[in-house]
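Trainee:
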Amino acid sequence: YASTLAQWNKEGLIDPGWTGYYMAMSFENYVSAGTTGFVFMQPMNVITHETAAPDPDTRWEPVHNPYLREGQTLHFAYQDTYLNYGHTCLSAKCSNIELALTWCDWRYSTQGSFFSSYGVQGLTWDYNDAGEPELTEFSLNNENGIDFGNLCNIYMANFLAEHGMEIYQRKYAFKGGERFRAMHDVWADVNTDKAYQWPSAVTFTADQESELAGYSGDIVTFIAENFLAFLSGNKPMTEWNAYVETLNSLGWDEVRRIKQEAYDAFIAANG
63 YASTLAQWNK EGLIDPGWTG YYMAMSFENY VSAGTTGFVF MQPMNVITHE TAAPDPDTRW
123 EPVHNPYLRE GQTLHFAYQD TYLNYGHTCL SAKCSNIELA LTWCDWRYST QGSFFSSYGV
183 QGLTWDYNDA GEPELTEFSL NNENGIDFGN LCNIYMANFL AEHGMEIYQR KYAFKGGERF
243 RAMHDVWADV NTDKAYQWPS AVTFTADQES ELAGYSGDIV TFIAENFLAF LSGNKPMTEW
303 NAYVETLNSL GWDEVRRIKQ EAYDAFIAAN G
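The sequence shown runs contiguously to residue 333 in this note's numbering.
1. Rounding to the nearest angstrom, what Cα-Cα distance links Ala244 and Asn203 in this structure?
2. Under the three-state reduction of DSSP, which class applies to Pro261: helix, strand or coil?
3. Given this structure, state the Cα-to-Cα distance separating Gln69 from Tyr84, to the nearest angstrom.
4. Here's the rule I'm using: 16 or more other beta-carbon atoms within 10 Å means buried, otherwise exposed. How should Ile159 be labelled?
5. Determine the burial state of Ser157: buried for a count of at least 16 other Cβ atoms within 10 Å of its Cβ, exposed for fewer.
6. For a test of the three-state rule: what should DSSP assign to Leu336, helix, strand or coil?
7. May I have a chain-ordered list of the alpha helix (DSSP H) segments no shorter than 4 residues that lie completely inside the stretch 241–325?
8. Taking just the CA atoms, how far does Phe221 sit from Gly74?
9. List the endpoints of the continuous alpha helix (DSSP H) containing Leu67.
10. If we count the other Cβ atoms within 10 Å of its Cβ and call it buried at 16 or more, is Met87 buried or exposed?
11. Quick test of your reading: Gly96 and Asp77, contact by CB under 8 angstroms. State the CB separation rounded to the nearest angstrom.
12. What distance in whole Å lies between the Cβ atoms of Ala235 and Leu274, which are believed to be in contact at a cut-off of 8 angstroms?
13. Among the candidates Gly295, Tyr189, Asn288, Val252, whose CA atom is the shortest distance from the CA of Thr135?
14. Taking C-alpha atoms, which residue in Lys233, Glu224, Tyr170 lies nearest to Tyr180?
15. In this structure, does DSSP put Gln183 in helix, strand or coil?
16. Inspect the beta-carbon positions of Thr186 and Ser201 and report whether they are closer than 7 angstroms.
17. Using a 10 Å radius around the Cβ and a threshold of 16 neighbouring Cβ atoms, would you call Ala219 buried or exposed?
18. Skipping 5 residues on each side, what residues in its chain have a beta carbon closer than 7 angstroms to that of His111?
19. Counting along the chain, where does the alpha helix (DSSP H) carrying Glu160 start and finish?
20. To which residues does DSSP link Leu197 through a beta bridge?
21. Please report the Cβ distance between Met227 and Arg169, rounded to the nearest whole angstrom; I am assuming they are in contact, meaning their Cβ atoms lie under 8 angstroms.
22. Using the three-state DSSP reduction, which class does Leu136 fall into: helix, strand or coil?
23. Out of Ser178, Ala331, Ser294, which one is the CA nearest neighbour of Gly82?
If you want it as structure tokens, here you go:
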């Protein structure tokens, strides 16, 4: 992995300013200008970049995870999870916790999910000729310049910040939206057994957490100071084995042992 990225960087396939990019937004100008040819983005970002591109024939397409050979099973791969980051917290001082929880539950009902996803009929959405819900001009091209995400905060639910069950189609409920909805189908088509995916439910004992904390500081610092140097070419790959040996001397093997014990305990308890 490291040697491949180092080679790509050497060949000029990676932007030399990559270490300063926190997310795709950090180099949006390159994407819109056509300088960047491969980038992580949400389907809805495609419209913005295609509209801004100097080449009128610019068209961004989704790509599958790369495979080395036909029929290969990936042990770790990106897939749509259909889970959002949104959540809601109730204060312990809430005067009616039962009512508040009922409202939270309502967003997972058929009616609550629909209202949270589409908002007010006649304002943010309406039925099209096929009898399907479709976003209105008010939502898509708001006259006050309010983007869709902030409109969701006001009239619907912004599931990036709030809890609830989103009707996924709502993001693409406009003419031509089918193209962008179909991008998710491409990304979902992955041959993976998830063998390298760490179960989120694995827990550590107090002693294990204490041990991990004792090792993590030096290990994280050492990786931060050295790993990227291999990719940039500032360190030759001939020093990789020495890099790994230093990691082990800092307790890397012990960290792996602790995590293996926690994983084995999780498997034993859950089958």
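Using N, Cα and C, we set each Cβ at its ideal position, and we do this for glycine too.
Mentor: Taking the geometry as given:
1. Those two C-alpha atoms are separated by around 23 angstroms.
2. Here Pro261 sits in coil by DSSP.
3. A straight-line Cα-Cα distance of about 22 angstroms links Gln69 and Tyr84.
4. Exposed is the call here.
5. With a 10 Å radius around the Cβ and a threshold of 16 neighbouring Cβ atoms, Ser157 comes out exposed.
6. Nothing about residue 336 can be reported from this structure: the residues present for the chain run from 63 to 333 only.
7. Counting whole runs of 4 or more residues, the stretch 241–325 contains the alpha helix (DSSP H) stretches 268–294, 302–311.
8. Straight-line spacing of the CA atoms in Gly74 and Phe221 works out to 38 angstroms.
9. For Leu67, the enclosing alpha helix (DSSP H) begins and ends at 64–72.
10. The residue is exposed, with fewer than 16 neighbouring Cβ atoms inside 10 Å.
11. Actually they do not touch by this definition, with Cβ atoms about 14 angstroms apart.
12. The C-beta distance from Leu274 to Ala235 rounds to 46 angstroms, too long to meet the 8 angstroms contact threshold.
13. For the set Gly295, Tyr189, Asn288, Val252, the Cα lying nearest the Cα of Thr135 is the one of Val252.
14. For Tyr180, the closest alpha carbon among the candidates Lys233, Glu224, Tyr170 is that of Lys233.
15. Reduced to three states, the DSSP call for Gln183 is strand.
16. In contact: Thr186 and Ser201 (Cβ atoms closer than 7 angstroms).
17. With 16 or more other Cβ atoms within 10 Å, it is buried.
18. For His111, the CB contacts under 7 angstroms within the same chain, skipping 5 residues up- and downstream, are Val93, Ser94, Trp122 in chain order.
19. Counting along the chain, Glu160 sits inside the alpha helix (DSSP H) bounded by residues 159–168.
20. Residue pairing by DSSP places Leu197 opposite Trp187 in a beta bridge.
21. Between Met227 and Arg169, the beta carbon gap of about 7 angstroms places them in contact (Cβ cut-off 8 angstroms).
22. Residue state, collapsed to three classes: strand.
23. Closest in C-alpha terms to Gly82, from the list Ser178, Ala331, Ser294, comes Ser294.
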